[in-house]
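Below: the structure, in structure tokens.
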Amino acid sequence: MNNKDKRVIIIHGLGRTALAMRSVAGLLAKNGYLVTNLDYPSTRMNIPELVKQYVVPAFENAGDAVEISVVTHSLGGILFRYFLAHHADSAMKQRLHRVVMLAPPNQGSQVPDQLKRWAPARWILGPVMPQLGTDADSMPNQLTALETQGFPCEIGVIAGTRSYEPWFARWLDGENDGKVAVDSTRLAGMKDFYQVKAGHTFIMDDKSVHQQIIHFLQHGQFDHEL
Numbered sequence: 000m001n002n003k004d005k006r007v008i009i010i011h012g013l014g015r016t017a018l019a020m021r022s023v024a025g026l027l028a029k030n031g032y033l034v035t036n037l038d039y040p041s042t043r044m045n046i047p048e049l050v051k052q053y054v055v056p057a058f059e060n061a062g063d064a065v066e067i068s069v070v071t072h073s074l075g076g077i078l079f080r081y082f083l084a085h086h087a088d089s090a091m092k093q094r095l096h097r098v099v100m101l102a103p104p105n106q107g108s109q110v111p112d113q114l115k116r117w118a119p120a121r122w123i124l125g126p127v128m129p130q131l132g133t134d135a136d137s138m139p140n141q142l143t144a145l146e147t148q149g150f151p152c153e154i155g156v157i158a159g160t161r162s163y164e165p166w167f168a169r170w171l172d173g174e175n176d177g178k179v180a181v182d183s184t185r186l187a188g189m190k191d192f193y194q195v196k197a198g199h200t201f202i203m204d205d206k207s208v209h210q211q212i213i214h215f216l217q218h219g220q221f222d223h224e225l
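If you want it as structure tokens, here you go:
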């Protein structure tokens with residue numbers, strides 16, 4: 000099987016557009032993958048609505064690709080987990096291959112815990128932001144409760160350890176990328192985990208992250224010798 004039988008769906012993060020992931024899209028295309036760089040209005044709907052209206056169609060329109068892999072940034076990882084838990088049928092699960100999550104708030108983030116108290120933040124970031132906190136009812140923790148049987152695909156997580164946003168970092172415990180703590184990116188059942196000296200907002204443009212994305216998609220693990 001060559002890479003032209005393989006599609007990679009890219010899902011960007013909160014407050015961004017598909018343009019934010021253009022370097023990843025170019026990287027994947029250069030390596031021969033079919034690429035879907037999903038664009039969606041992240042600040043206008045909640046997670047279930049975003050998945051139903053944008054993520055589900057992206058997977059339904061994946062064409063005849065034998066394997067479907069995914070690269071996500073931040074919120075994109077939660078959208079994929081929601082899709083997997085609530086929408087992916089057995090046929091789709093059999094086609095899912097590997098997933099690389101960049102800076103995902105897999106256990107929620109303390110930043111939304113603070114920002115959701117402020118009306119301007121809720122207005123700017125929309126209904127999805129309060130869903131990404133660390134309380135028991137947050138979407139990441141709801142999904143964790145549904146994932147006890149593991150995943151039908153191999154998932155690798157890349158966490159950033161460089162913070163350029165000290166006004167957010169002061170709310171985070173331990174090492175962080177400015178918006179998500181390293182420990183909060185971890186996902187029970189993930190295949191591999193890698194840390195990189197990059198900040199949350201532009202982690203997808205880091206050259207070492209590009210190397211790790213391709214390595215994981217090809218081998219199912221990160222290159223820890225880099």
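At position 105 of the sequence shown the residue is numbered 104 (numbering that gives the first Met the number 0), and the sequence of numbers has no breaks. C-beta: ideal position from N, C-alpha, C; glycine also.
- A direct Cα-to-Cα measurement between M100 and A187 gives close to 13 Å.
- For K5, the enclosing beta strand (DSSP E) begins and ends at 5-10.
- The alpha-carbon of D38 is positioned some 31 Å away from that of D172.
- A distance below 6 Å between beta-carbons, with the five flanking residues on each side excluded, links V54 to the following residues of its chain, in chain order: L78, F82.
- Sixteen is the threshold: since fewer than 16 other Cβ atoms of the shown chains lie within 10 Å of the Cβ of T147, the residue is exposed.
- A direct Cα-to-Cα measurement between S41 and N175 gives close to 23 Å.
- T133: not part of any alpha helix (DSSP H); DSSP gives it neither H nor E.
- For V70 against K178, the beta-carbon gap comes to about 18 Å, at or over 8 Å, which does not count as contact.
- The count of Cβ pairs closer than 8 Å, one atom from the stretch 60-76 and one from the stretch 86-98, reaches three, so the stretches are in contact.
- For Q194, DSSP records a beta bridge to A158.
- N36 sits in a strand when the DSSP states are folded into three classes.
- Under DSSP, L95 shares a beta bridge with I67.
- Secondary structure note for G75: its alpha helix (DSSP H) is the uninterrupted segment 74-85.
- Contact check for A135 and Q194: beta-carbon distance about 27 Å, past the 8 Å limit, so the pair fails to qualify.
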